[in-house]
Every structure is written in C-alpha cells, then in structure tokens.
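This report concerns only the one structure given below.
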Amino acid sequence: MHIILVEDDPRIRDFLSRGLAAEGHRVDAFSEGQTALLHIIQCARGADTQPVIILDRLLPDIGGVEVCRNLRTAGVSFPVLMLTALDSVEDRVSGLEAGADDYLVKPFAFEELLARLGALTRRYDGHNTMPDKVLCVGDLCLDREQRCVTRAGQRIELTPKELAILELLMSTPGKLYSRERILASVWGAHEDPLTNIVNVYIRRLRSKLDAHGSGDSLITTQRGFGYRIDDMTTG
197 MHIILVEDDP RIRDFLSRGL AAEGHRVDAF SEGQTALLHI IQCARGADTQ
247 PVIILDRLLP DIGGVEVCRN LRTAGVSFPV LMLTALDSVE DRVSGLEAGA
297 DDYLVKPFAF EELLARLGAL TRRYDGHNTM PDKVLCVGDL CLDREQRCVT
347 RAGQRIELTP KELAILELLM STPGKLYSRE RILASVWGAH EDPLTNIVNV
397 YIRRLRSKLD AHGSGDSLIT TQRGFGYRID DMTTG
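Under this note's numbering, think of the first position of the sequence shown as 197, with each following residue one higher.
Structure (structure tokens):
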C-alpha cells in the first residue's frame, strides 16, 4: 500500500511511519497541510498507484478538513482516513462532509488503524480487482458468494461472525492476526478489547473445522501474538 501520512506531532508521525513501513507499506510523511496538499495533487496527476491518505485534522497551517475539501474540489478521489482528538458528532460529521471516507479518534490502536486502511483499500480497489470468489486452504474451501464453507467436501455450518473470522484468516494464509486486528475487522471499533470474545469464537471455529476432513487443525494459535490459518499441504 502507498500511504501518505499528514501528521504534525513528530512522535505520532514517527511511530506510524515506522509501524506502517514494518508492515511493508510505502509511506510519504508530511507535517504540514499545504505541502501535503500539493504533493497529493501532484500524485493524482500522473501516479500509477492510488495512495491512501492518513490526515490529521489539526495541522499548524491549514486544517485537515480544509485539505480534504480542497482535494475533493480538485477532483482527487484518493481514500482519506482522518485522525483527530475531536470526537463530538459535529466534528465527525464535518470531517465526513468535507470528503473524508473514515474517521478515527485519538488515541487509537495501531491494529485498528491497519484494519481501517485495509477496508478503505478494498472498497476503492473493488472495481479494479475482483477478489477470489472461492478461498481454499488445503481441503478447506469458502465460497464468498454463497457464504458456504466445506472441508473435504463436507459442508460446515458457521455463524456470521465465525464466517467473518474464517474469511479474514483465509484471505492471507500464514499471516498472523492479533486479537485486536480480528476485533476491529469483525466486530468494529467499539468492542471492548479486554473481553475474550475472540478466543471463544476461535475455539468454536476450530472445533467445527477439526470435526471434518483429515483431522489436522488448520488454525494455529501463537500465544501472546494471535492466530493464523496454515495450509497443511504446503508445509
């Protein structure tokens, strides 16, 4: 992902730049709105990739709302995630009305930021890249259109939340997903991260999957880090 980060707080800017780069993303970081605005417009004129913009609302020169409004007026359609310490309904509405696609209130969890960036990218890339209709890991298959899961040809009945977790894990086999990332992706930003709801659903999901097929458990727990789904046929 190409990410343009506009954040005037050097600690937050440095933390996000390093964290996003560690996730494999290309990051262009700016501390002022006007400089970032000119850079983004220049990118829109000839870029072969579509960046995602992380835009702080309170900047030292021109505010994030004004930056976003100017981008939309200029015809720039890059997705914008606005960051702010202002969390009133009026603040959220004004940011969205200026053209922001999503709104994240400080302080926030890095895993939630990643999940929201991923959702924005999928939303904007959906018309260019068709996702796989059927995901398969070993003898486990998930039909995204029919919302149907089978293992070794046997159908497995899952609840909507179990299905959403499985789809997330199967979308990138071998990738480790933290509890916070799963919470943000499946339950949204308002679920209490101190609950063990993810653990409960993972146990239920693993039990249902392991009752079919070869008996090998596809979902692996890495204690203290999260969960991943492994393709036993490639090991």
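Ideal Cβ positions, reconstructed from N, Cα and C, are used throughout, including at glycine.
Predicted model, so just to flag it, every value in this text is computed and none were measured.
Inset, instruction - Note down, in chain order, each residue of its chain lying with its Cβ closer than 8 Å to the Cβ of residue 224, except the 5 sequence neighbours on either side. - result: Taken in chain order, the residues that qualify are 198, 199, 200, 201, 235, 247.
Inset, instruction - In the DSSP assignment, find the unbroken beta strand (DSSP E) run with residue 226 in it and report its ends. - result: Counting along the chain, the unbroken beta strand (DSSP E) around residue 226 starts and ends at 222–226.
Legend entry - Distance between residue 407 and residue 368 (C-alpha atoms, nearest Å): Approximately 23 Å between the Cα atoms of the pair.
Inset, instruction - Give the straight-line distance between the Cα atoms of residue 237 and residue 306, rounded to the nearest whole angstrom. - result: Rounded to whole angstroms, residue 237 and residue 306 show a C-alpha spacing of 27 Å.
Legend entry - Short Cβ contact (7 Å threshold) for residue 264 with residue 229: Remark: C-beta atoms of residue 264 and residue 229 do not approach each other more closely than 7 Å.
Inset, instruction - Could you check how far apart the C-beta atoms of residue 258 and residue 277 are, in whole angstroms? I think they sit under 8 Å. - result: Contact between residue 258 and residue 277 is absent: CB atoms are separated by about 18 Å, not below the 8 Å threshold.
Legend entry - Sequence-distant residues of its chain with Cβ nearer than 8 Å to residue 233 (five each side left out): Same-chain partners within the cutoff: 258, 263, 266, 267.
Legend entry - Proximal residues to residue 416 (C-beta, below 8 Å), its chain only, five neighbours per side dropped: Only residues of its own chain outside the window of five on either side were considered, and among them 423, 424, 425, 426 have a CB closer than 8 Å to the CB of residue 416, listed in chain order.
Inset, instruction - Assign residue 349 to buried or exposed, taking buried as 16 or more other Cβ atoms, counted over all protein chains shown, within 10 Å of its Cβ. - result: By the beta-carbon neighbour count (other beta carbons within 10 angstroms, threshold 16), residue 349 is exposed.
Legend entry - Neighbourhood of residue 418 by C-beta, 8 Å cutoff - its chain only, sequence neighbours within 5 removed: Hits under 8 Å: 372, 424.
Inset, instruction - Mark residue 356 as exposed unless 16 or more other C-beta atoms lie within 10 angstroms of its C-beta, in which case mark it buried. - result: Exposed, because fewer than 16 other Cβ atoms sit within 10 Å of the Cβ of residue 356.
Inset, instruction - Find out if the Cβ-Cβ distance for the pair residue 298, residue 318 is shorter than 7 Å. - result: Taking 7 Å as the cut-off, the Cβ atoms of residue 298 and residue 318 do not count as close.
Inset, instruction - Leaving aside the five residues before and after residue 204 along the sequence, list all residues of the same chain whose C-beta is less than 8 Å from its C-beta, in chain order. - result: Taking C-beta separations shorter than 8 Å and ignoring five residues to either side along the sequence, the partners of residue 204 in its chain run 227, 228, 252, 254, 255, 256, following chain order.
Inset, instruction - Using three-state DSSP, classify residue 301 as helix, strand or coil. - result: Strand.
Legend entry - Beta-carbon gap between residue 275 and residue 316 smaller than 7 Å: Taking 7 Å as the Cβ cut-off, residue 275 and residue 316 qualify as a contacting pair.
Inset, instruction - Measure from the C-beta of residue 419 to each C-beta in chain D and report whether the shortest distance is under 7 Å. - result: Of the protein chains in the structure, only one exists, and it is not chain D.
Legend entry - Extent of the continuous alpha helix (DSSP H) run through residue 399: Note, residue 399: alpha helix (DSSP H), 393–406.
Inset, instruction - Could you tell me the distance, in whole angstroms, from the CA atom of residue 282 to the CA atom of residue 366? - result: Using only the alpha carbons, I get a separation of about 36 Å.
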